[in-house]
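A quick write-up on the structure given underneath.
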Amino acid sequence: MATAVKNKPKKIKEYNIPKEEYDILQEPSVPYRNEYFRHKSTILFKGDVLNPNTFEKEFIDLTVTSPPYNVDIQYNSNKDDLTYEEYLEFSEKWMTNVFNWSKPQARFLLNIPLDKNKGGQKAVGADLTKIAQKIGWKYHSTIIWNEGNISRRTAWGSWLSASAPFVIAPVELIVVLYKGEWKKTGGTKQSDISKEDFMDWTNGLWTFNGESKKRIGHPAPFPIQLPHRGIKLFSYVRDVIFDPFAGSGTTLIAAEKNNRIGIGLEIDDNYCEVAKQRIIKETGTIDFKNGTANTSGTHNGVLQKASKARHQAS
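In the numbering used here, each residue's number is its place in the sequence shown (first place is 1) plus 798.
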């Protein structure tokens, strides 16, 4: 009588970083970029994405971000009411810096509006995609995010008249870009996405609700489903995930929960603190020396653990 053979768990290969490869976890603070908070495999830097010297080496495997939309949202530090030409110049500067900080074969998920009608009709998605390509980013595809809980309307243009009606699309874009080649040949080569999620998320229409700014404490938070899906689909385990507009820390939380290295950049002190407290709450930051939650601005006690984890997949 044949005996059933149990499936052995797949052994995870050890991944050692070549000595010549840059390790962002070893990066110290500098005058134009201060380490605000560190735990496990996450670092939040206070700094300006418009400064090309904020980082000086290529370290990014995947960027997931939602930049200011320029629709007059009241941020603490960022001006969100630029002229459209100024907004495009701003976008070119920060996307150029992210390009220069990205490794070859890096991916870039850019969450932006399809269009805007404040101050005139503008095809924001198309314009920013063109700018990204001008910089050197290559276009791969566009995911349509159907924000299922959007039902608010403040204007219809000419009410019940064909003279000048407004058409508003209740969707946002996630533009998928990359640097160099699309096929990834480096990293741990360890994917952790399920068959069901892969089949579902490679469909370019994603439907999930937006996030409450009151609950999060930030004027324009995006839901964790957005970076969660992007990280699972477009990166390997232990890849470096970057958000240059870290805001309330959503991308960093998703990176930590999915066994990636999360690097965030945020210019505003208040939002740095919001992100820090959310990361502590959502991922359970622990001070390994005394077993209590760490609430200091910078947690140095986990540097060795994070660096070791970077050198081998866990």
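Even glycine gets a Cβ: it sits at the ideal position worked out from N, Cα and C.
*Between which two residues does the beta strand (DSSP E) harbouring ASN898 extend?*
Within the sequence shown, the letter at position 100 stands for residue 898. Per DSSP, ASN898 belongs to no beta strand (DSSP E); it is in the alpha helix (DSSP H), 882-899.
_Judging by CA-CA distance, which residue of TRP899, GLU833, PRO865, ARG905 is the nearest neighbour of SER889?_
Residue numbering aside, residue 889 sits at position 91 when the sequence shown is read from its first letter. When only C-alpha atoms are compared, the closest one is PRO865.
*asked:* Residues in the same chain with beta-carbon distance under 8 Å from LYS920, minus the five sequence neighbours each way, listed in chain order, please.
replied: On the sequence shown, residue 920 is found 122 positions in, with the first residue counted as 1. Counting only Cβ-Cβ distances below 8 Å, and skipping sequence neighbours, we find TYR882, ASP913, LYS914.
*Check the DSSP bridge columns for PRO850 and list the partner residues they point to.*
In the sequence shown, the residue the question calls residue 850 occupies position 52. In DSSP, PRO850 forms no bridge with anything.
*Count the C-beta pairs between the region 1023-1041 and the region 976-995 that are closer than 8 Å, then say yes if the count reaches three, no if not.*
yes
_Here's a check: name, in chain order, each residue in its chain whose Cβ is nearer than 6 Å to the Cβ of ARG831, leaving out the five neighbours to either side._
The residue you call residue 831 lines up with position 33 of the sequence shown. Correct list, in chain order: PHE843, GLY845, THR852.
*Should THR801 be labelled buried (16 or more other beta-carbon atoms within 10 Å of its own) or exposed?*
Indexing the sequence shown from 1 puts residue 801 at position 3. Confidence is the limiting factor: at THR801 the pLDDT is only 45, short of 50, which leaves the residue's position unreliable, though a coordinate-based value still follows. So THR801 ends up on the exposed side.
*Roughly how many angstroms separate the alpha carbons of ASN898 and GLY978, rounded to a whole number?*
Here residue 898 refers to the residue found at position 100 of the sequence shown. Here residue 978 refers to the residue found at position 180 of the sequence shown. If you take the alpha carbons of ASN898 and GLY978, they lie about 12 Å apart.
*When burial is assigned at 16 or more other CB atoms within 10 Å of the CB, is ASP1067 buried or exposed?*
Within the sequence shown, residue 1067 is the residue found at index 269, counting from 1. ASP1067 is exposed by the Cβ-count criterion.
*Is GLU1080 helix, strand or coil when you go by DSSP?*
As a working mapping, residue 1080 is identified with position 282 in the sequence shown. Correct three-state label for GLU1080: helix.
*Can you tell me whether DSSP reads PRO1025 as helix, strand or coil?*
Here residue 1025 is taken as the residue at index 227 of the sequence shown, counted from 1. Of the three classes helix, strand and coil, the one that applies to PRO1025 here is helix, per DSSP.
_Using only CA atoms, which one of THR863, THR840, TYR1069 lies nearest to PRO911?_
Residue numbering aside, residue 911 sits at position 113 when the sequence shown is read from its first letter. For PRO911, the nearest C-alpha among the options comes from THR863.
*DSSP three-state call for ILE1069: helix, strand or coil?*
On the sequence shown, position 271 is the one that residue 1069 refers to. Going by the sequence as given, residue 1069 is Tyr instead of Ile. DSSP places TYR1069 in helix when its eight states are reduced to three.
*Go ahead and pull the three-state DSSP assignment for LYS1012.*
Stepping through the sequence shown from its first residue, residue 1012 is reached at position 214. Residue confidence for LYS1012 is low, a pLDDT of 49 falling below 50, so the modelled location carries little weight and cannot support an answer.
_Environment of VAL965 [buried if 16+ CB atoms lie within 10 Å]_ = Sequence index remark: in the sequence shown, residue 965 carries index 167 (1-based). When all chains shown are included, VAL965 counts as exposed.
*Does the separation of the CB atoms of ILE933 and VAL973 fall below 9 Å?*
Position 135 of the sequence shown holds residue 933. Position 175 of the sequence shown holds residue 973. Result no, Cβ atoms of ILE933 and VAL973 do not sit closer than 9 Å.
*Sequence ranges, beta strand (DSSP E) only - wholly within the region 927-998, length at least 3*: 936-945, 969-976
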